[in-house]
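Visitor: First residue of the sequence shown: 0, per numbering that gives the first Met the number 0; consecutive thereafter.
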Amino acid sequence: MGVWNTAKRTAIIGGGTIGTLCGLSQLSAYRTRRARLDHVAAAAKLDVPFADKLPTRQEQLAVLKDTDVFDVLVVGGGATGAGCALDAVARNLKTAMVERNDFASGTSSRSTKLIHGGVRYLQKALMKLDYEQYMMVKESLVERANLLQNAPHLSTLLPIMLPVYTWWQLPYYWAGIKMYDLVAGSHCLKSSYVLSKSKALEEFPMLRRNGLAGAIVYYDGQHNDARMNLAIALSAARHGAAVANYTEVLHLLKSADPETGRQRVCGVRCRDVLTGDEFDVRARCVINATGPFTDSLRKMDDGLADDICQPSAGVHIVIPGYYSPNVMGLLDPATSDGRVIFFLPWQKMTIAGTTDSPTAVTDHPVPAEEDIDFILSEIRNYLSPDVEVRRGDVMAAWSGIRPLVSDPNSKDTQSICRNHVVHVSASGLVTIAGGKWTTYRAMAEETLDAAVKAHGLTAGPVRTQGLMLEGAKGWTHTLYIRLVQDYGMEDEVARHLASTYGGKAFDVAKLGEVTGKRWPVIGRRLVPEFPYIESEVQYAVTTEYACTAVDVIARRTRLGFLNVQAAYEALPRIVEIMAKHLGWGEEQKAAELEAARTFLYREMGHHWRSEQLKKAEISLDYQDVARYKNRFQKFDMDNKGFITTVDVQRVLQSVDVQIDEDTLHDILNDVDLSKNGVVQYDEFLQLMSAVKKGKVSDSRLAVLMKKAEQSLDQRAPVSVDRSGGGI
């Protein structure tokens, strides 16, 4: 009876709240539509000085050095910083933006890839009657629709399933999700719906069926976050902003206000990270949009300023695509410790995360093993027992730092704000901190409003709502067909180019070299299992300001985020292509390879492989040991107790398998725990034990040796009479 009363009370409260907020949402719908039309009309009047070709990074640096004074200088090239630069230049302000590393190199490339309003925030807003959180969700839902509209090639709708394992929770969750639709009002992407148990399993067959009562499906957006960030930065550059990555701010410049005598921020001292060259950039207004590093720049302005950033680490993992349907995500609203876990298809793989743990601010966050284990454990709770969730199936993992903030404008500086804050210091430094990816445009608009007011800038109207981002112009759902027909590209490659570069995909295709095959005619892949092609590397260098190999594997392509091993294999060719266009010598090429491998090893989780092998105890039964010993001895023909690349090459050639020496060296190096250039027998047994336990699932050496053994065993012995023997 208590359960029934709870369900009834929940339904009544939910229904009443829906009725109340429905009116509020619909009341603003007309105003929102009218505003969007006005903004789109205004965007059509924008001047685009670099419509044909973007300035090079060297040309952008020259503009930064030679311009007497900018109206606005943005420090930080993440989503928020790039958004501020685009908003400023769209208002006809002379704009510059500098970034210490690469665009999107921080949190903006390490998100859950969702464009969302925040279902869990809405729940908290209703339960606690928190109007501020409610308005944050409402703003996010408006911006969600705007982002999907402004960059349709980089974003898409994504249905997300919320499985329910207690029948009385169905009306409770249904009311909450319907509220989410209604708060979105005219910006609702698609209406949510309820699924029976059988339909839920039909849509998501990997789901645990025991106890499943049904499911609710709602819609959010999904995007390629690093490419979206880059599109915003390139759009700002195309409209005339001077933008430069790898440009570090050493300190702020100040001058005395002629009227008050007070010291005011008037620019920054910069250093080109790649060359060491230092120079000043002067501006009427400096905007601090440095995310987790917000306090570093604030203390450059005022050494006594209190810290406002409360960094929190979120870890995500990537596992094979067969763990989830191609077009359906999953939300776990109540994990074992109360956190929310998303389980989403992305780029034909599956993303799972995120965690939320206090952390120190760093340029190079490393995913913690305990966070990875937590995510895998939660996945097991929701998937069918038939699906073995293996540690070795983690293809990549990363940690992103969320900059939660306390509001410096508030008297209670200890309170954490889940929304963003804009603060203008006594010296005129404008800081934008906190917030979320989805609301980057609204955050930038509010920041520029504050900057214009504080510094008396002469600016035009806001023009970013409805403003199409880089690549959106000329994109259609069928654009990839033209790439297949005009350039003889594989269907998968053409789809990838269209969804990554939009209307600019043809510029990438034009750079492609002829394969020499009947099909495809154009488009040499960097690795066989992913659709990234070599001409993308050239385009990244010549048009998209890529300066390092990490820029290419992590943010121009997403290979490092999708499969660390594949990225590792593609690196030598990527470095060769970049060296050709950037003039790198052998020393620079070696340094780039080492830096990129270090990035994959530490920040993308490649270090687990050797750690999993080192930790793996040899736990094999007698039959296993005998089988693996026999396999090992087929390669160790001299009974040395170890195998080398020469041993493996000899056996592979005997079964007509050709692998170049460098690749073989990399394959053995994965298993060579002592790093002495050989794989010893006990190391091989450790590998096979780890494979059997699911700690390692994609060892190339294990697969190669097994296949070679099978080929050798299939060769029947030659009979005595046919061999010429016998009497």
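The C-beta atom is built at its ideal place from N, Cα and C for all residues, glycine as well.
#1: Name the two residues that bound the continuous alpha helix (DSSP H) containing ARG481.
#2: Am I right that ILE215 and VAL163 are in contact with their C-beta atoms under 8 Å? What's the rounded C-beta distance?
#3: In angstroms with no decimal places, state the Cα-to-Cα distance between LEU296 and PRO407.
#4: Can you list, in chain order, the residues of its chain with a C-beta nearer than 6 Å to that of LEU700? Leave out the 5 residues immediately preceding and following it.
#5: According to DSSP, is LEU128 part of a helix, a strand, or is it coil?
#6: Between GLU98 and ASN244, which are expected to be in contact by the criterion C-beta below 8 Å, what is the C-beta distance as a whole number of angstroms?
#7: Grouping DSSP H, G and I as helix and E and B as strand, with all else coil, what is PRO162?
#8: Is the beta carbon of VAL285 less than 8 Å from the beta carbon of VAL74?
#9: Within 10 Å of its beta-carbon, does ARG649 have 16 or more other beta-carbons around it, so buried, or fewer, so exposed?
#10: DSSP on PRO571, reduced to helix/strand/coil?
#11: For HIS222, does the three-state DSSP call read helix, strand or coil?
#12: If LEU157 and GLY220 are in contact, beta carbons under 8 Å, what's the gap, nearest whole angstrom?
#13: Give, in chain order, every unbroken run of the alpha helix (DSSP H) that is at least 4 residues long and sits entirely within the stretch 656–706.
#14: TRP345: buried (16+ other C-beta within 10 angstroms of its C-beta) or exposed?
#15: Could you pull the DSSP bridge partners for LYS253 from this structure?
#16: In three-state terms, what does DSSP make of LEU711?
#17: So, do the stretch 101–112 and the stretch 554–572 have three or more beta carbon pairs nearer to each other than 8 Å?
#18: DSSP state of ARG554, grouped into three classes?
#19: Please identify the residue among LYS52, ALA78, MET205 whose C-alpha is closest to the C-alpha of ALA735.
#20: Over the uninterrupted alpha helix (DSSP H) stretch that includes ILE729, give me the two end residues.
#21: For HIS115, tell me which candidate among ASP224, MET636, LEU482 has the shortest Cα-Cα distance.
#22: Quick one: what's got a C-beta closer than 8 Å to ALA199's C-beta in the same chain, skipping five residues either side?
#23: Where HIS495 and ILE532 are concerned, what is the direct C-alpha to C-alpha distance, given to the nearest angstrom?
#24: Taking the DSSP output, what are the residues bridged to PRO319?
#25: Please report how far the alpha carbon of GLN652 lies from the alpha carbon of ASP659, in whole angstroms.
#26: Look up MET604 in the DSSP assignment and say whether it is helix, strand or coil.
#27: According to the Cβ coordinates, are LEU592 and ALA395 closer than 8 Å?
#28: In whole angstroms, what is the alpha-carbon distance linking GLU586 and LEU63?
#29: Which whole-angstrom value describes the C-beta separation of ALA124 and VAL141, a residue pair presumed to lie in contact below a C-beta threshold of 8 Å?
#30: For the candidate residues PRO519, PRO460, THR463, whose alpha-carbon lies nearest to that of GLU489?
#31: Work out the CA separation of THR111 and PRO332 for me, nearest whole Å.
#32: Please determine whether the Cβ atom of VAL97 lies at a distance below 7 Å from any heavy atom of the ligand FAD.
#33: Using C-beta distances below 6 Å, list every residue in its chain close to GLN564, excluding the 5 sequence neighbours before and after it, in chain order.
#34: Considering only the beta carbon of each residue, do CYS269 and VAL280 sit closer than 8 Å?
#35: On the three-state DSSP scale, how would you describe TYR531?
#36: Starting from ILE307 and walking both ways along the alpha helix (DSSP H), at which residues does that stretch end?
Guide: Walking through what the data contain:
#1: Residues 478–486.
#2: That pair is a contact at about 7 Å.
#3: In a straight line, the C-alpha of LEU296 is about 15 Å away from that of PRO407.
#4: So the qualifying residues of the chain are ILE666, VAL670.
#5: Looking at LEU128 - three-state DSSP - the assignment turns out to be coil, as it is neither helix nor strand.
#6: A Cβ-Cβ distance of about 5 Å is found for the pair GLU98 and ASN244, placing them in contact under the 8 Å criterion.
#7: In this structure, PRO162 counts as strand in the three-state DSSP scheme.
#8: With a cutoff of 8 Å on beta-carbon distance, VAL285 and VAL74 are scored as near each other.
#9: Classified as exposed, ARG649 has fewer than 16 neighbouring CB atoms from the shown chains inside 10 Å of its CB.
#10: In the structure shown, PRO571 sits in a helix (DSSP, three-state: H, G or I).
#11: Looking at HIS222 - three-state DSSP - the assignment turns out to be strand.
#12: The C-beta distance from LEU157 to GLY220 rounds to 7 Å, short enough to fall under 8 Å.
#13: Taking only runs of at least 4 residues, the alpha helix (DSSP H) segments lying wholly in the stretch 656–706 are 660–668, 680–692.
#14: Buried.
#15: VAL264, per the DSSP bridge assignment.
#16: Helix at LEU711.
#17: With contact defined as three or more Cβ pairs closer than 8 Å, the stretch 101–112 and the stretch 554–572 are in contact.
#18: In the structure shown, ARG554 sits in a helix (DSSP, three-state: H, G or I).
#19: The requested residue 735 is not part of the displayed model; the chain covers only 0 to 726.
#20: Beyond the ends of the chain as shown, which are 0 and 726, falls residue 729; an answer cannot be given.
#21: For the set ASP224, MET636, LEU482, the Cα lying nearest the Cα of HIS115 is the one of ASP224.
#22: For ALA199, where only same-chain residues beyond five positions count, the Cβ hits under 8 Å are MET160, PRO162, LEU206, LEU211, GLY213, ALA214.
#23: Computed Cα separation, rounded: 10 Å.
#24: Beta-bridge analysis with DSSP links PRO319 to MET348.
#25: Just so you know, the alpha carbons of GLN652 and ASP659 end up roughly 11 Å apart.
#26: What sits at residue 604 in the sequence shown is Gly, not Met. Note: GLY604 maps to coil in three-state DSSP.
#27: Cβ distance not < 8 Å, so LEU592 and ALA395 don't count as in contact.
#28: Distance between the alpha carbons of GLU586 and LEU63: 30 Å.
#29: About 16 Å separates the two Cβ atoms, so there is no contact after all.
#30: The shortest Cα separation from GLU489 among PRO519, PRO460, THR463 belongs to PRO519.
#31: Looking at the backbone, the Cα of PRO332 and that of THR111 are separated by about 15 Å.
#32: Only the bare structure without any ligand can be found here, which leaves the ligand FAD out of the picture.
#33: Excluding sequence neighbours, GLN564 sits near nothing in its chain.
#34: Their beta carbons are under 8 Å apart, which means CYS269 touches VAL280 by this criterion.
#35: TYR531 falls in the coil class under three-state DSSP.
#36: First-last for ILE307: undefined, no H or E at that position.
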